[in-house]
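For the sequence shown, my numbering assigns the number 733 to the initial residue and increments by one for each residue that follows. The beta-carbon is built from N, C-alpha and C at its ideal position, and this holds for glycine as well. What you are looking at is a predicted structure, and each value in this text was computed from that prediction instead of being measured. Single-structure report; data block below.
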Amino acid sequence: MNLGPEATFHRWNPAAVLRISGEDSPSFLQGQFTNDLHKQGIGGAVYGLWLNQKGKVLADSFVLQIAAQEFWVLSYFSPAAVIRERLEAYVIADDVVIEDLTGEMAGLTVFGPADGLPVGARSFPGRRRRESHTEIIFPVSAGAALGPSLGSAAWLSPVEMERRRILAGIPAVPVDIGPADLPNEGGLETEAISYTKGCYLGQEVMARLKSMGKVRRQLARVCGAGQPPQLPAPVFQAGRKVGEVRSVVSEGAGWIGLALVSLLQVRRTDGLSPTAEGAPTIAFIEPA
């Protein structure tokens, strides 16, 4: 693999890489995942969610189809144990084998051109920011050979990656949107939910939300001055708690973050306060 001098990259360790195989693996995963796996062919990847019966978000992942009866379930932030427990709870008489490969795999995010792949690697479009970029997942044993191939490409720190994600308004699951939250509260209904694929766990809740109205909370970009708050950080407006900041990163002399806030109680023009009695010191970052 070779990166051009204009490329940038970030090396990371996935929170989950599960190998799902067996004769029933295609139909089993299709009946559990929120997105339509028929969108992909062999070598393709689809992003989606793993919900509970109430439609709340347990985990997110990409599902990569490796062969006709082999898939990799890969997540940036959702732990392998959570996804595996969720899947194993619904394997009854299915011919499905679940293996945890997390410790054996590493990741590389590339912004810009890249030629070729390390031995045993897979690539797919990422979700670090809105602009196009590539994720490469490869065996840890191949990592030592990557050094020369990165050339003069610039390395991006974890802080910079978090900054890009927050500015793009992309939730990390389960940090920003988790087991107490609905996908729509994080704006995930467009990218992660199929309303036409048929049944999956949580599908009835998603269908009701689509047909009956909007959610009562929403993930929003916010910013403040000074040191970032300790998370999760409650926020107030007019003396009432209206939400909490869930992700944060330093930005200049202050910070930026993602907050889940009430749509019923919040006036975006009035800002938010870190305490019930305090003045508004936290502003909303409006969409570009």
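Only residues of its own chain outside the window of five on either side were considered, and among them Leu769 have a CB closer than 6 Å to the CB of Gln762, listed in chain order. Taking 8 Å as the cut-off, the beta carbon of Ala886 is found closer than this to the beta carbon of Thr740.
Linking Glu1009 to Leu992 through their CA atoms gives a straight-line distance of about 20 Å. The DSSP-derived three-state label of Gly835 is helix. Taking a C-beta distance under 8 Å as the contact criterion, Ile902 and Pro746 do not qualify as a contact pair. When the five nearest sequence neighbours on each side are left out, the beta carbons in the same chain lying within less than 7 Å of the beta carbon of Val814 are those of Leu790, Ala791, in order along the chain. At a Cβ-Cβ threshold of 8 Å, Tyr927 and Gln764 do not count as neighbours. Short of 6 Å from the beta carbon of Ala957, and not among the five residues preceding or following it, lie these beta carbons of its own chain, in chain order: Gly986. The beta carbons of Ala900 and Arg949 sit about 20 Å from each other, so the pair does not count as a contact at 8 Å. Looking at the DSSP output, Lys788 shares a beta bridge with no other residue. Closest in C-alpha terms to Ala924, from the list Asp826, Leu750, Tyr779, comes Tyr779.
Taking the CA atoms as reference points, Arg897 sits about 10 Å from Gly989. Between Val977 and Val954, the gap from beta carbon to beta carbon is short of 8 Å. Put simply, the backbone Cα of Ser943 is about 39 Å away from that of Pro890. Rounded to whole angstroms, the separation of the alpha carbons of Val937 and Val851 is 42 Å. Distance between Ile752 and Glu1018, taken at the CA atoms: about 41 Å. Out of Gly835, Arg859, Glu892, Pro964, the CA that lies nearest to the CA of Gly875 is found in Gly835.
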